[in-house]
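Chains as they are written, first to last, in the numbering used here: chain A, 1 to 176; chain B, 1 to 175.
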């Protein structure tokens, strides 16, 4: 199978980093991949914060109610946010969640392709987590953090096989 | 540049498809890509409905505003959230993010396999959810269609027209 396809099916969440620095060139490529995601009516209602400050990374690692401990040894944390001032109006505003999720998947896939470890840790829609991240990063109220993606050089890579559950594939009409 | 990054950068929406069928093996590959997405607390809150029945494809095309091209596609994959698999409490809505990541994987896999696809939004528009569910026929209430993805082999015309540079803006030696 082609390399791009294999990259999709072999991507894993990486939570063990060496603490080494990921170069700016690599991070730029990863972010560009994020920006190549599709968005509803091409609104691109996203913002990306890259946190490289050791002190802030350590604070993220210790945030209560988060699964972000691995940030302690991450080189950076990418915070994918929705910008509610760039979204569609009305009920369709919430499409920003789907757009930024597609962006996040691109970021994870690009990291994997470049041999960099990354993991999606959820923030939105937890009210408490959104509040804590917004306070920590001085986010205005129209910028909503969807997640925190710690990235870093991979250490002790876990190579467990992911179990795939095919019971949720249906042909034609709905079948149990 | 590696092939993965090229696929990510070059993926585009395709809305015109040739008559060529997609074989079962290729459809399975698309679904496997969707199933390989990450999901919150590994809940895998997704369900994939594959439509290859022309009648249903046509029915979907008539009830969706942005899904008209579905009638010309050999297949459509409807990515749905299964609320019964969702987390309790305020984490319930994480299914939207899980299913969006799965959708992006399917789009990228399609592109890497030479197929054309497009993400047409269903959730959270109530009318679209109802219309798509009804067109498929028997989707239970706990299964929420998030995205309708018509997929087919692109026709050359579209590749050319989308890739063509706007040459009317280029002027040599005067306007």
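Just so you know, even glycine gets a beta-carbon here, dropped at the ideal spot from N, CA and C.
| Item | Value |
| --- | --- |
| Return no unless some Cβ of chain B is closer than 8 Å to the Cβ of residue 85 of chain A. | no |
| First and last residue of the beta strand (DSSP E) that includes residue 118 of chain A? | 116-118 |
| Establish whether the CB of residue 38 of chain B and some CB of chain A are separated by less than 8 Å. | yes |
| Which term fits residue 60 of chain A, buried or exposed, when burial requires 16 or more other beta carbons within 10 angstroms of its beta carbon? | buried |
| Please go through the same chain and pick out, in chain order, the residues whose beta-carbon is closer than 6 Å to the beta-carbon of residue 85 of chain B, but skip the five residues on each side of it. | 43 and 45 |
| Please report how far the alpha carbon of residue 110 of chain A lies from the alpha carbon of residue 103 of chain B, in whole angstroms. | 16 Å |
| Who are the neighbours of residue 94 of chain B on chain A, taking C-beta pairs under 7 Å? | 122 |
| Against chain A, which members of the region 134-147 of chain B pass a CB distance test of less than 8 Å? | 136, 137, 138, 139, 140, 143, 146 and 147 |
| Looking at chain A, is there any beta carbon in it that lies within less than 8 Å of the beta carbon of residue 47 of chain B? | yes |
| Three-state secondary structure (DSSP) at residue 162 of chain B? | Residue placement at residue 162 of chain B cannot be trusted, given a pLDDT of 49 that sits under 50; the coordinates are not used to answer. |
| Cβ atoms of residue 146 of chain B and residue 122 of chain B: under 8 Å apart, would you say? | yes |
| Would you call the CB atoms of residue 63 of chain B and residue 131 of chain B closer than 8 Å? | yes |
| Assign residue 163 of chain B to buried or exposed, taking buried as 16 or more other Cβ atoms, counted over all protein chains shown, within 10 Å of its Cβ. | Low confidence applies to residue 163 of chain B: its pLDDT is 46, below 50, so where it sits in the model is not reliable, and the reading given next is rough at best. Looking at its Cβ environment, which holds fewer than 16 other Cβ atoms inside 10 Å, residue 163 of chain B is exposed. |
| With C-beta atoms as the reference, is residue 87 of chain A less than 8 Å away from residue 45 of chain A? | yes |
| Using a Cβ-Cβ cut-off of 8 Å (strictly less than) and excluding sequence neighbours within five positions of residue 114 of chain A, which residues of its own chain qualify? | 26, 29 and 30 |
| Nearest to residue 21 of chain A by alpha carbon, out of A:39, A:155 and A:49? | A:155 |
| Less than 8 Å between the CB atoms is what I'm expecting for residue 53 of chain B and residue 172 of chain A, so what's the real figure, rounded? | 5 Å |
| Going along chain B, which residues have a C-beta under 7 Å from residue 127 of chain A? | 90 |
| Counting contacts by CB-CB distance shorter than 8 Å, is residue 59 of chain B in contact with chain A? | no |
| Is any beta-carbon of chain A found at less than 8 Å from that of residue 161 of chain B? | Caution applies to residue 161 of chain B, whose pLDDT of 47 falls short of 50 and renders its modelled position unreliable; the value that the coordinates give is listed next. Taking Cβ atoms only, chain A never reaches closer than 8 Å to residue 161 of chain B, which makes this a no. |
| Do residue 80 of chain A and residue 48 of chain A have their C-beta atoms within less than 8 Å of each other? | yes |
| Residue 9 of chain B touches chain A at which residues, Cβ-Cβ below 9 Å? | 32, 33 and 36 |
| What residue does the beta strand (DSSP E) around residue 111 of chain B start on, and which one ends it? | Not the beta strand (DSSP E): residue 111 of chain B falls in the alpha helix (DSSP H), residues 94-112. |
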